[in-house]
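Chemist:
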C-alpha cells in the first residue's frame, strides 16, 4: 500500500498544473488515498481547488469517507486489542468516538465511548474477525508484538490529537535518550519532545488537531526492537482559526524496555518524496 502511494506521489509531481486541476473535476473516481495525494500536490503548488462545475463548494474531499462502524465500546483501552486484531489481519481500522467527535463537531452517543471504523467494503470481514475475537476473549497479550506496536501507534496518534503529554509519556520511553526528527528540527530527550513538540507546537500553535494514518502500517520486528512505517494526513486549526493541512510519511523505532514493555524511542517524519529533476538527493 505504501509503495502504491509513493507511485501516486511521483506521478502527480510530474504532471503539469493544468492536468492537476483537471483531476479535481473527477475526484469522485479516485480512491480516498488518491484524492489525498492530488489535493496535497495542489496545496504544495499553491493552486486553488475549484468546486466541480454546477455545484457549490463541497469542502475538502479528504473528509469524504466511506466507513462503517463495526464495534462500539466503553473506551480506547477496550478497543485497542480489537484494532490490533483487525490491522494484523490486513483490515484498515481506526477508532472513532469522543476525540473524533470533539474535533469534527459531531455528537457522540455515550460519554467516553469509542467505535471502530473500517472501510465499508471490509465491514463483513471485520465483523467476522471481531466475532471470533470475542469468542476467544482476546486480551492485549494475545495480539503479539505486531499488535502491541499498532496499539502504541493508536495511542501516539491520540496523544497528538489531544496534545496530551500524559498519554504521550505512556507511549515514549521517557527514561531513555529518545529523539524526534522532522522538517522543523530535532528534539532529543523526552523533556525536549514534551516541551517543544507537544506543548509549544501541538498545544499552543494549534487549537485543534486530527492526525490520520493513510493506508496500512508496515511493522518489522527484530528481537527487542521494532520499526513501523506509515503515511499520515494531518489537519489542524491554528490558534487564530486558520486551517492547516499537511501530508507526509513517518518511521518510528520501538524498543522493549523491561520495566514498561514496548516503548517509542525514535520518530523521523518527513513530507512526500521529492521526485523533481532538481529535488531530493
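Numbering (this note's numbering), first residue to last: 406 to 686.
Think of the CB as a built atom: it goes at the ideal place given N, C-alpha and C, for glycine as much as any other residue.
As the structure is a computational prediction, the values presented were derived from the model and not from experiment.
1) Classify residue 602 as buried or exposed, calling it buried when 16 or more other Cβ atoms lie within 10 Å of its own Cβ.
2) Roughly how many angstroms separate the alpha carbons of residue 555 and residue 565, rounded to a whole number?
3) Do the CB positions of residue 445 and residue 652 come within less than 8 Å of each other?
4) Any heavy atom of the ligand ZN closer than 7 Å to the Cβ of residue 415?
5) Would you kindly work out how many angstroms separate the C-alpha atoms of residue 551 and residue 646, rounded to a whole number?
6) Applying the criterion that 16 or more other CB atoms from any shown protein chain within 10 Å of the CB defines a buried residue, is residue 666 buried or exposed?
7) On the three-state DSSP scale, how would you describe residue 435?
8) For the alpha helix (DSSP H) that contains residue 669, what are its first and last residues?
9) Using 8 Å for Cβ pairs, my map puts residue 438 next to residue 619. What's the rounded Cβ distance?
10) Compute the Euclidean distance between the alpha carbons of residue 639 and residue 535, then round it to the nearest angstrom.
11) Tell me which same chain residues have a C-beta within less than 8 Å of the C-beta of residue 528, skipping the five on either side of it?
12) I'd like the span of the beta strand (DSSP E) that includes residue 613, first residue to last.
13) Using the Cα positions of residue 538 and residue 578, report the straight-line distance between them to the nearest angstrom.
14) Among 675, 661, 562, 606, whose alpha-carbon lies nearest the alpha-carbon of residue 629?
15) Return the CA-CA distance between residue 617 and residue 562, expressed in angstroms with no decimal places.
16) Can you give the beta carbon distance from residue 675 to residue 587, rounded, assuming they're within the 8 Å contact cut?
17) Give me the Cβ distance between residue 522 and residue 659, rounded to the nearest whole Å; I'm assuming they're in contact under 8 Å.
18) Applying the criterion that 16 or more other CB atoms from any shown protein chain within 10 Å of the CB defines a buried residue, is residue 500 buried or exposed?
19) When you compare only the Cα positions, how much space is there between residue 466 and residue 417?
Modeler: Short version:
1) Indexing the chain shown from 1 puts residue 602 at position 197. Buried, since its Cβ has 16 or more Cβ neighbours within 10 Å.
2) The count along the chain shown starts at 1 and reaches residue 555 at position 150. The count along the chain shown starts at 1 and reaches residue 565 at position 160. About 16 Å.
3) Translated into the one-based positions of the chain shown, residue 445 becomes position 40. Translated into the one-based positions of the chain shown, residue 652 becomes position 247. It is a contact, given that the beta carbons lie within the stated cut-off.
4) Questions concerning the ligand ZN fall outside what the structure shown contains, since it holds no ligand whatsoever.
5) On the chain shown, position 146 is the one that residue 551 refers to. On the chain shown, position 241 is the one that residue 646 refers to. If I take the Cα positions, the gap works out to 38 Å.
6) Residue mapping note: residue 666 aligns to position 261 of the chain shown, counting from 1. That one is exposed.
7) Counted from its first residue, the chain shown places residue 435 at position 30. Three-state result, residue 435: coil.
8) As a first step, residue 669 must be located in the chain shown, where it is residue number 264. Where residue 669 is concerned, there is no enclosing alpha helix (DSSP H), although the beta strand (DSSP E) it sits in stretches over 666-675.
9) One-based indexing of the chain shown puts residue 438 at position 33. One-based indexing of the chain shown puts residue 619 at position 214. Sure, about 6 Å apart at Cβ, within 8 Å.
10) Residue numbering aside, residue 639 sits at position 234 when the chain shown is read from its first letter. Residue numbering aside, residue 535 sits at position 130 when the chain shown is read from its first letter. Annotation: residue 639 to residue 535 spans about 29 Å, alpha carbon to alpha carbon.
11) Taking the chain shown and counting its residues from 1, the one referred to as residue 528 is at position 123. Answer for residue 528: 473, 475, listed in chain order.
12) Position 208 of the chain shown, counted from the first residue, corresponds to residue 613. Note, residue 613: beta strand (DSSP E), 611-627.
13) Along the chain shown, one-based indexing puts residue 538 at 133. Along the chain shown, one-based indexing puts residue 578 at 173. Those two C-alpha atoms are separated by around 30 Å.
14) Your numbering for residue 629 matches position 224 in the chain shown. Checked all of 675, 661, 562, 606; the closest Cα to residue 629 is 661.
15) Reading the chain shown from its first residue, position 212 is the one you call residue 617. Reading the chain shown from its first residue, position 157 is the one you call residue 562. Taking the straight line joining both Cα atoms gives about 8 Å.
16) Counted from its first residue, the chain shown places residue 675 at position 270. Counted from its first residue, the chain shown places residue 587 at position 182. The pair is a contact, with the Cβ atoms about 7 Å apart (cut-off 8 Å).
17) Start at 1 with the first residue of the chain shown, and residue 522 comes out as number 117. Start at 1 with the first residue of the chain shown, and residue 659 comes out as number 254. Not really, about 25 Å apart at Cβ, beyond 8 Å.
18) Residue mapping note: residue 500 aligns to position 95 of the chain shown, counting from 1. Under this definition residue 500 is a buried residue.
19) The residue given as residue 466 occupies position 61 in the chain shown. The residue given as residue 417 occupies position 12 in the chain shown. Note that residue 466 scores 34 on pLDDT, short of 50, meaning its location in the model is unreliable; the coordinates nonetheless yield the value given after this. So the alpha carbons of these two residues sit roughly 17 Å apart.
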